[in-house]
Amino acid sequence: MNATVADDWAGHRGRRWLRDVDVMEEQLAPVGEALLQRAAPAPGERVLDVGCGAGWTTRRIAEAVGPDGLALGLDISEPLLGEASRRGAGLPQLRFQLGDAGQVQPEGGPFDRLMSRFGVMFFGDPPAAFRHLASLLKPEGQLNLAVWAEPARNPWMTEMRRIVGRHVELPTVDPLAPGPFQLAGPAFHGQLLEQAGFVGLERELLELPMWIGGRGASPATAAAFALGAFSVGELAEAAGPVVHQAVIAELEQLYAGLATSEGVAMPAAVWMLSARRG
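If you use the working numbering, the sequence shown corresponds to residues -12 to 265, in order.
Here it is in C-alpha cells:
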C-alpha cells in the first residue's frame, strides 16, 4: 500500500468515511450486491474481503458462508475496522484484521475466494501486491473484484474535480498512481492479473446511477457530502472561505440541474472482474 494513502485511510480519510458511513454504504450497496451475486460465496468457503472498510460486504459474505466458513475483512483503517467489528457482532464466522493486503499474511488462509469492492486500487506496486494476493488463495481459488471504470464513465467523480479545478490548481494525476482509477483501464486488467498468476479473466461493465449524498438528498446536501467525501474537497476548503463558497455554489448549481424527487443522481460505471489462481 502506498505510504501516503495508508496514512490517509488510517487517519483523517478513514474518520471522514466513518462520519458518513451510512450514506457511503447506501451509495455503494448496488455495487456490493452485484459483486456478491457474481461471486456467490458458498457455505463453508473461506473468503478474504480486501479493503473491507466498515464491513458491509464482509457481513454479507459471512451470512453466505455460514458457521462452517470464514469471512475475514482486511483493512488499513483502524477506525473503520472498529465500526465493522461493532456492526458484525454475533457472527462467529466473521472476523476482521488490521493490515496492508499487499503485504500481510491474513489469519485463516489459504482462502477459497478473495473479494474486494473498491479495495485494491491503492497499491504503490500493483504487480507485487497482486502476486501477494494470489499467494493467499488456494490453487484454483477465485478472485472477484469491483473497480471503478474509466474517469469518462464516472462523471459523478470527475465533475467534482473539474469544478474545484476552476478555482484551485490541482496536481496532475498519474492514471496508474494509487487512487480510484488505478485499475480503470481494461488493457491493464489482463496484464496485471496474468503476471500475478491468475487465469480465466472475465470482465463485465456495470453502469448505474450514483445518488450523491444518498437518495432524497437536496442539491445543498449533495454538495456538502461531495466536498467531504472527495479529497479535492479538502483542497477547496484549504484555499480559504471565498474559494470554498464559490465551489459550493457551483456544485449546488450542477446538482440542482440534476435533482429529481428521488435526489441527485449522476452516471457511474464499475468493472466487475473475476479470475482464478492458476
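Just so it is clear, CB atoms sit at the ideal spot from N, CA and C, and this is done for glycine as well.
- Query: So which of 12, 122, 57 has the shortest CA-CA distance to residue 88?
  - Reply: 122
- Item | Status (buried if at least 16 other CB within 10 Å, exposed otherwise) for residue 195 | exposed
- Could you check how far apart the C-beta atoms of residue 135 and residue 167 are, in whole angstroms? I think they sit under 8 Å. 5 Å
- Message: Between which two residues does the alpha helix (DSSP H) holding residue 220 run?
- Response: 218 to 225
- Query: Since residue 155 contacts residue 223 with CB under 8 Å, what's their CB separation in whole angstroms?
  - Reply: 6 Å
- Task: Might you give, ordered along the chain, the residues of its own chain that have their beta carbon closer than 8 Å to the beta carbon of residue 45, omitting 5 neighbours on each side?
- Result: 36, 39, 58, 59, 60, 71, 75, 81, 83
- Query: Among all the DSSP beta bridges, which residues are the ones paired with residue 37?
  - Reply: 61
- Determine which residues share a DSSP beta bridge with residue 191 and list them. 259
- Message: To the nearest angstrom, how far is the alpha carbon of residue 199 from that of residue 78?
- Response: 32 Å
- Message: Taking the alpha-carbon of residue 53 as reference, which of 30, 6, 220 has the nearest alpha-carbon?
- Response: 30
- Message: Does the segment 203 to 223 come into contact with the segment 242 to 254, if we say contact requires no fewer than three beta-carbon pairs (one atom in each stretch) closer than 8 Å?
- Response: yes
- Measure the CB-CB distance between residue 163 and residue 256 and report whether it falls below 8 Å. no
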